[in-house]
Structure formats: C-alpha cells, structure tokens
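Chemist:
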Amino acid sequence: MSRTSGQYRLRDSVSIQNGLVSRSGPLVVTRLNDSAQDLLKTVSTDEFQSVTAIAREGGVSAESTGALLSDLYNRGFLEWRPARDPEFQPPVSIILTVRNEADAIEPALDALADLNYPEYEVVVVDDGSTDDTRELIRSHSLTADGNLRLVPVGSDTEPLGIGASRNRGVSSAANEIIAFTDADCRPNRAWLSNLVPALATHDVVGGRVRPTDTARPMHEYEGIHSSLDMGPRASPVDREQSTPYLPTANLVGHREVFEKTPFPERNVAEDVGVSWDALANGFDLVYDPTGVVEHDYGGVTNFLGRRLSYGGSEALLAKLYGHPGSVSLPAISLVGLVLLAVLPVVNSMLNIGASLGTFLAAMTVLGFVITPTKQAFTSVITGSIRVSAAVAGLFRGSLSRVYGFALEVTRYYSLPLVALGILAGVGGLEFLAISLLAIPGICVVVALAIDLSVNRPSSPVRYSLLYLVDHLTYQIGAYRGAVENRTVAHLRPSSRFSLTL
17 MSRTSGQYRL RDSVSIQNGL VSRSGPLVVT RLNDSAQDLL KTVSTDEFQS
67 VTAIAREGGV SAESTGALLS DLYNRGFLEW RPARDPEFQP PVSIILTVRN
117 EADAIEPALD ALADLNYPEY EVVVVDDGST DDTRELIRSH SLTADGNLRL
167 VPVGSDTEPL GIGASRNRGV SSAANEIIAF TDADCRPNRA WLSNLVPALA
217 THDVVGGRVR PTDTARPMHE YEGIHSSLDM GPRASPVDRE QSTPYLPTAN
267 LVGHREVFEK TPFPERNVAE DVGVSWDALA NGFDLVYDPT GVVEHDYGGV
317 TNFLGRRLSY GGSEALLAKL YGHPGSVSLP AISLVGLVLL AVLPVVNSML
367 NIGASLGTFL AAMTVLGFVI TPTKQAFTSV ITGSIRVSAA VAGLFRGSLS
417 RVYGFALEVT RYYSLPLVAL GILAGVGGLE FLAISLLAIP GICVVVALAI
467 DLSVNRPSSP VRYSLLYLVD HLTYQIGAYR GAVENRTVAH LRPSSRFSLT
517 L
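Residue numbers (our numbering): 17 to 517.
#1: Less than 8 Å between the C-beta atoms of D304 and R25, yes or no?
#2: I'd like the list of long-range same chain contacts for R226, defined as Cβ closer than 8 Å, with 5 residues on each side in sequence excluded.
#3: Quick one: residues in its chain with C-beta nearer than 8 Å to the C-beta of L2, no 5 flanking neighbours on either side, listed in chain order?
#4: Let me know if T217 comes out buried or exposed under the rule of 16 or more other beta-carbons within 10 Å of its beta-carbon.
#5: How big is the Cα-Cα spacing for D293 and I466?
#6: Once DSSP output is grouped into helix, strand and coil, what is the label at T317?
#7: Using the Cα positions of D28 and V59, report the straight-line distance between them to the nearest angstrom.
#8: Mind listing, in chain order, the continuous beta strand (DSSP E) runs of no fewer than 3 residues lying wholly within the segment 183–229?
#9: Taking 8 Å as the threshold (C-beta atoms), are L464 and L452 in contact?
#10: Is the segment 283–290 in contact with the segment 171–181, if contact means three or more CB pairs nearer than 8 Å?
#11: Can you tell me whether V418 is helix, strand or coil according to DSSP?
#12: Checking the sheet assignment: what are the DSSP bridge partners for F513?
#13: Is L439 buried or exposed, if buried means 16 or more other CB atoms sit within 10 Å of its CB?
#14: Determine the direct distance from the alpha carbon of R323 to that of R232, and round the result to whole angstroms.
#15: Could you pull the DSSP bridge partners for V30 from this structure?
#16: Might you give, ordered along the chain, the residues of its own chain that have their beta carbon closer than 7 Å to the beta carbon of L423, omitting 5 neighbours on each side?
#17: Check whether the segment 71–78 and the segment 133–150 touch, using three or more Cβ-Cβ pairs below 8 Å as the test.
#18: If we ignore side chains and look at the alpha-carbon of each, how far apart do L488 and R427 end up?
#19: Helix or strand or just coil, what does DSSP make of H506?
#20: Below 8 Å on the Cβ atoms is my guess for L208 versus Y133; work out the distance and round it to an integer in Å.
#21: How about S514 and S344: are their beta carbons less than 8 Å apart?
#22: Measure the alpha-carbon distance for G170 versus Q23 and round it to whole angstroms.
#23: Does the distance from the C-beta atom of V290 to that of A214 stay below 8 Å?
#24: Provide the residue span of the beta strand (DSSP E) that contains D245, from first to last.
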C-alpha cells in the first residue's frame, strides 16, 4: 500500500501526553519526538482524514506523514479506511467459477440479480459440470435479460481447475472492473455500491465474508473463526498484518491487476497467491468490511474438508513465498519451558521436590508479562494513563502474549507432542511422557479458555468440540501438506516463533 493512500483517525483509547502515545486493551506504549507528537495531535478521533490533509495541517510532507501514520496504524494507535469516491461507479463484470453447483447456483444468481448497482454483467465459468448446473444457469432471469454469459470450459474428466477458470473469466469479461464471488455465496444488495468507489484510488478491494445463518452451529463457529472473514475493521492488505490476503469469495479490482498477476493455476490458495503476487508487483490492495457477502459454509464434511485444505496450503505457500511473520516468544519463557520439560529427570536424580518446578513455572509466566509490565509502569509514571487502565492493559497484554503462544502450539505441535508423549510412556519413560503431554494439554486449555471468554458462544460445549476438531484437522492438513510439498518451512519453530527479551 502507498504510504499516502487511505484515511486515518485516532482510536478512542489513545492518549498522547509527555512524549508518549499509549492505548489500553491491551496496553501499547510508544515514545514520540516533539514533531511526531505535534503531528499526531492534529489527527481527529471523530472524522477520518486523508494523509494529505493531515500533512497540510501539520506542515510536514505527505510522504513523511504517511510513513508515521502507517507505522502508528500497525502498532494499533490509529484506525484506517480506504479512500472513496462515491461518484466512481463504472460497469462491472462479476465472475463465478462453478463445477457441479446445482444445489447452490440459483440462490447465488438470485442475489446477483438483486444487486443495487447501475450496470453490471455476470460471467459464469462452468468447469465441466455433469449435473444440472448449466441448465439452471441458462434458465435464470439474468440470462433471459441478457445480463449473464455462460463460458463452458474443461470437461467432466479433465476439469480446467479453479485458478485457470478464474483467468478464463477475466479474459471473457467485457468491463474494466472485475468482481469475484462463489456459487455458495450471497452478495448483499449494496455489495458493489459499497466496494467499487474505493477503486477510484486503490487497485483491489475485498469485502467482508459472513455466514448466511449464524443460528446453525457450524455457521456460528465459522462466523467466529473462518479465515475468510477479515473482521469488522478496514485495513490495507499486508502479509504480516491482520489482513494478509483477500479471499475471492468477495473481491473486486481493476482488470489490469488480474491480467498482470493472473491467478495461479491450481485449486488451493489461488486467492492467497494472486493477492501476494499483486502486492509484490506494487499493486494497492485494501479491505473494506462495508461490502458484505454471505457464505453458506455447509455441514461437517465441508468443515473438515476446508480445514484439511487450508492446513495443506500452508506448506505450498511457505515453499513458494516463505513464511510471513511469527509469534513473539520471550527468551526467559523459552528457558523456563525447556527446564520444566526436563525437570522430572532432574527431580528423579536429585529429589529436589516441587520448589524448583514452581520457580520454573513462575519464570515461564514472567517472560510473558515483562514487556507489558514495563509499558504499564512507564505510562503510570509519566501520567499518560490512569492506574486502573494501566493494570487492565497489563493484564490484557500479558494474556494476549500467552494466548498467541498457546494457540501456535495447539494448532501446529499438539499432535506430535502427544504422539511422542505416548511413545515415551510405552517405553517406560514416565517422567518424559508427563512433560510431553503436559505442554500441549496446558496450551489447548489456555487457548480454548481465552477464546470461550472472548467469543461467548451460545453453546460452550459444542463450540469446544468444534474448536478441537478445527485445530486437529488443520494440523493434520499442515503435516500432510509438508509431505506432499516436501517442505517443513511452515512448521519450523524458528519460522513460527521469534525470540524476544
């Protein structure tokens, strides 16, 4: 993203005082020089402002202002949204790729026919369907009105594939603005009218993906944990930030982007691939949650298939692009964990008792709270934040760090650790078995407890079962992908964790 694109405003919880900018929940504190502090004070907490307007008011260049605002946004002090031109509403070509979607295609086409947008066409690329998909498309009112074109590709025995079919859709489209969605999706009426105006300034924009019916158990869970939903806040797309890619269930962009960076011709993670390739080629990708598409997530079989596929795609993406980012792991906590793992051996030899274990457990926890404690102390001493807010921020910050570590272990390492623990027990190494089983057990309990507290599902028991199935199935997919792609780049602890002081 260009540093001068988009609009910013201060988050409500941000305080600027005595050379420090801080926010609570979790607590983050950063020291600013005088000029940066003066510039930040010109940013509104109510209205979004362009970088140019903020720079003009602060008397600083737009490039320098954009760099500062981008950094502060990444640290969580600012909100961001894409720049928009409500008058920008050119004709759009909407592309669906389908294969044997007879059960889903009619509701999708009905939703597209009901869009509140001046001019658009629908291009359906059918990849060798053998059911009634093509007949249902030909008989739909969009076809009768001349607003839908069917593009047959592939065959029942030799399908073209998802990525290649999307590229065929782009080449068949009549307009310069291209939108993508899927047969199991239902775009809201304002989908295009909310997203397309952002393309006056940006190259590609993606919208929010929500479940069609949160009363259904699977949909309620996906509404919380689906990787297709990038959340309620707008953001620029960045591989190492909160919005790493844009799913093609809800994607709109300039034709030039998809011609210069076509979809990878594969059936998994092709949307991640086109997003990252577009970023690498200098295109500006943004996320705007105001353009909503509802997704029918199906049942248990679909759920398991998605998790296996998503987990498996991590190996492919890590092999092609490298692993983006890692979870912070304090060095003192790592030392404590290692010593706790070997404590049964030491205790059996020296009969030290529980005191050393208590000390090491305290040392492990201490590592996760040192940084939040330092920030809380600094904030209180300088008077930039109330004591109560600092304590609350300290608690949330520490919990966030613990959660990040516990979730990584749960999602990527719990099965191997449990398997090794069982083998150690069978081999008569009870002390080692206890350590190997305790680590994933504690991590699963901690991660699940925090997610239950934050998300408050209607049925905690059902949610917990789906949670365990989610992470275990995803993990199986990740290890299967490692075998299929002959890489463990996505599983190396050095790529998943970064040591901090």
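Where a beta carbon is used, it is the ideal one built from N, C-alpha and C, also for glycine. Given the structure is predicted, the values throughout are model-derived calculations rather than measurements.
Modeler: Well, looking at it:
#1: In the sequence shown, counting from the first residue as 1, residue 304 sits at position 288. In the sequence shown, counting from the first residue as 1, residue 25 sits at position 9. No, the pair does not count as a contact, with Cβ atoms beyond the cut-off.
#2: Working through the sequence shown from its first residue, we reach residue 226 at position 210. Closer than 8 Å at the Cβ level, and outside the excluded window around R226, lie G239, D245, V308, V309, E310, H311.
#3: Since the displayed the chain opens at 17 and closes at 517, residue 2 lies outside it and no answer follows.
#4: By 1-based counting over the sequence shown, the position of residue 217 is 201. Buried, because 16 or more other Cβ atoms sit within 10 Å of the Cβ of T217.
#5: What you label residue 293 is simply residue 277 of the sequence shown in a count that begins at 1. What you label residue 466 is simply residue 450 of the sequence shown in a count that begins at 1. Their backbone Cα atoms lie some 35 Å apart in a straight line.
#6: As a first step, residue 317 must be located in the sequence shown, where it is residue number 301. Three-state result, T317: helix.
#7: The residue given as residue 28 occupies position 12 in the sequence shown. The residue given as residue 59 occupies position 43 in the sequence shown. Going from the Cα of D28 to the Cα of V59 covers about 12 Å.
#8: The DSSP assignment places 193–196, 201–203, 220–227 as complete runs of the beta strand (DSSP E) inside the segment 183–229, in order along the chain (cut-off: 3 residues).
#9: By 1-based counting over the sequence shown, the position of residue 452 is 436. By 1-based counting over the sequence shown, the position of residue 464 is 448. For L452 and L464, no; Cβs fall outside 8 Å.
#10: At 8 Å Cβ cutoff, the stretches touch.
#11: Reading the sequence shown from its first residue, position 402 is the one you call residue 418. Residue state, collapsed to three classes: helix.
#12: Position 497 of the sequence shown, counted from the start, is the residue given in the question as residue 513. The partner list for F513 (beta bridge, DSSP) reads V343.
#13: Your numbering for residue 439 matches position 423 in the sequence shown. By the 10 Å Cβ count, L439 comes out exposed.
#14: To locate residue 232, count along the sequence shown from 1; it is residue 216. To locate residue 323, count along the sequence shown from 1; it is residue 307. The alpha-carbon atoms of R232 and R323 are separated by roughly 18 Å.
#15: On the sequence shown, residue 30 is found 14 positions in, with the first residue counted as 1. For V30, which the question treats as bridged, DSSP gives the partners R39.
#16: In the sequence shown, counting from the first residue as 1, residue 423 sits at position 407. Once the five neighbours on either side are set aside, the close Cβ partners of L423 are A463.
#17: No contact exists between the segment 71–78 and the segment 133–150.
#18: Position 472 of the sequence shown holds residue 488. Position 411 of the sequence shown holds residue 427. About 7 Å.
#19: As a working note, residue 506 is residue 490 in the sequence shown. Here H506 sits in coil by DSSP.
#20: The sequence position of residue 208 within the sequence shown is 192, counting from 1. The sequence position of residue 133 within the sequence shown is 117, counting from 1. That pair is a contact at about 4 Å.
#21: The residue labelled residue 514 in the question sits at position 498 within the sequence shown. The residue labelled residue 344 in the question sits at position 328 within the sequence shown. Yes; because the gap between Cβ atoms is below 8 Å, this pair is in contact.
#22: Here residue 170 refers to the residue found at position 154 of the sequence shown. Here residue 23 refers to the residue found at position 7 of the sequence shown. If you take the alpha carbons of G170 and Q23, they lie about 44 Å apart.
#23: Taking the sequence shown and counting its residues from 1, the one referred to as residue 290 is at position 274. Taking the sequence shown and counting its residues from 1, the one referred to as residue 214 is at position 198. No, they are not a contact pair.
#24: To locate residue 245, count along the sequence shown from 1; it is residue 229. In this chain, D245 is not harboured by any beta strand (DSSP E), its DSSP state being neither H nor E.
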